[in-house]
Amino acid sequence: MLKALVTSILIVGLTFAVTQSALAKHHEAGEATADQPLSLEALAVAFGWDLQGAQITAEKIDDGLYVLFGVGGNIGVSIGEDGVLIVDDQFPQVMEKIEAAIDSIGGNGIDYAINTHWHFDHAEGNNTLGPQGTTIVAHSNARADMAKGGLVNLVIAKYRQQAYPKAALPVLTFDDRMQIHFNDNQIDLMHFSPAHTDGDAAVWFRQQNAVHLGDVFNNSGYPFVDVDSGGGIDGMIHFCQQVLDAVGPDAIIIPGHGPVTDTAALARYIYMLTTVRSRVADMIDQGMTLQQVVDAKPTANFDEVYGPETASLGFVNRVYTSLALQ
Ligand SMILES: [Zn+2]
Numbered sequence: 359m360l361k362a363l364v365t366s367i368l369i370v371g372l373t374f375a376v377t378q379s380a381l382a383k384h385h386e387a388g389e390a391t392a393d394q395p396l397s398l399e400a401l402a403v404a405f406g407w408d409l410q411g412a413q414i415t416a417e418k419i420d421d422g423l424y425v426l427f428g429v430g431g432n433i434g435v436s437i438g439e440d441g442v443l444i445v446d447d448q449f450p451q452v453m454e455k456i457e458a459a460i461d462s463i464g465g466n467g468i469d470y471a472i473n474t475h476w477h478f479d480h481a482e483g484n485n486t487l488g489p490q491g492t493t494i495v496a497h498s499n500a501r502a503d504m505a506k507g508g509l510v511n512l513v514i515a516k517y518r519q520q521a522y523p524k525a526a527l528p529v530l531t532f533d534d535r536m537q538i539h540f541n542d543n544q545i546d547l548m549h550f551s552p553a554h555t556d557g558d559a560a561v562w563f564r565q566q567n568a569v570h571l572g573d574v575f576n577n578s579g580y581p582f583v584d585v586d587s588g589g590g591i592d593g594m595i596h597f598c599q600q601v602l603d604a605v606g607p608d609a610i611i612i613p614g615h616g617p618v619t620d621t622a623a624l625a626r627y628i629y630m631l632t633t634v635r636s637r638v639a640d641m642i643d644q645g646m647t648l649q650q651v652v653d654a655k656p657t658a659n660f661d662e663v664y665g666p667e668t669a670s671l672g673f674v675n676r677v678y679t680s681l682a683l684q
């Protein structure tokens, strides 16, 4: 069990640790250039995702609440007398295994699926669940983004997310806050500002005091700020701080990627974001170009914790771009 858990953490940890060599191989093969979107298959290779062979592992957070690790974003699962509610749903290719994992922990079918945002590695499973009758819930901007599809600019690569058909779209949406009363839980969906995208939801399970932050909080490396989707560094800092203030110091923190953690890790993440933001802002004030800022390595003293910035989805690039747009 421990080995399985460690393996799953390693797999999740690889999510954004894109090897430059994997992408270089695609360039050599002429499959894509930096300006051409990669196919899902090519992106999966670059990210180390095995869509067919992936195993789903379950970690119990507390009574009635689990996190499933597989390929793509972490899945929160509430199980109880009312049924099953999940947060994020990965990919159709792994849905049978997700459903089997939910069965093995006492569920039977998925009644509700909340999407933390519109990105494919968190919402693509809607294409299976929606037509099966699962009620899908998301922020109103996330629904709009899913409905129109678009180019996800990952900086080191691009991916064109197809527009989702009506059956895969959320049927319930919210703007700032929404409550779902399910399995003797009050589940708060909270949106404070554009952060990772323009339509992020944090999902707070009050009974267990656990909150799923989607990709607003990445616990497997530096985060991706999807500026082209309306995300921004200032909003990301604000969103995280608002969540931390709401849930208090004892909450369990479920990140979009990486292992489940605590509020101390979230506080350290906010400190890192704030420090890097301030350094990049100063460099912009000094008239430095994007390349000069990247070369100055404003994350250097955090790399030991968050990994090499060069393995991120252009973290400094996106912080700079986000600030330069203001
Ligand atoms: Zn995302």
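According to this note's numbering, the stretch in the sequence shown is residues 359 to 684, in order. By construction, the Cβ of each residue, glycine as well, lies at the ideal position given by its N, Cα and C atoms.
Not one heavy atom of ligand 1 sits closer than 7 Å to the Cβ of Asp653. Proximity to ligand 1 was defined by a C-beta distance below 5 Å to any of its heavy atoms, and the residues meeting it, in sequence along the chain, are His477, Asp573.
Annotation: Val429 to Ile642 spans about 37 Å, alpha carbon to alpha carbon.
Here Glu417 is buried. Its C-beta has 16 or more other C-beta atoms within 10 Å. Under the DSSP assignment, Lys455 falls in the alpha helix (DSSP H) whose first and last residues are 453-462.
Taking a cut-off of 8 Å on C-beta distances, the region 645-665 does not touch the region 553-567, as fewer than three cross pairs fall below it. Nearest to Ser587 by alpha-carbon distance, out of Gly491, Gln519, Val445, Asp440, is Gln519. As summarised for the region 624-668, the continuous alpha helix (DSSP H) elements at least 4 residues long and confined to that stretch are 648-653, 661-664, given in chain order.
Under DSSP, no beta-bridge partner is assigned to Trp476. Around the beta carbon of Gln644, a 10 Å sphere encloses fewer than 16 other beta carbons of the protein chains shown; the residue is thus reported as exposed. DSSP, read as helix, strand or coil, puts Phe540 in strand. Going by beta carbons, Leu671 and Tyr517 fall outside the 8 Å limit.
Distance from the CA atom of Val510 to the CA atom of Pro528, rounded to whole angstroms, is 20 Å.
Val638 and Asp661 have their C-alpha atoms roughly 16 Å apart. Per DSSP, reduced to three states, the secondary structure at His549 is coil, with no helix or strand assignment.
Under the DSSP definition of a beta bridge, Ala404 lacks any partner. Of the candidates Val674, Pro552, Lys506, Val674 places its Cα closest to the Cα of Leu648. Ranked by how close their Cα comes to the Cα of Ile545, the residues His554, Val569, Pro552, Leu530 have Val569 in first place.
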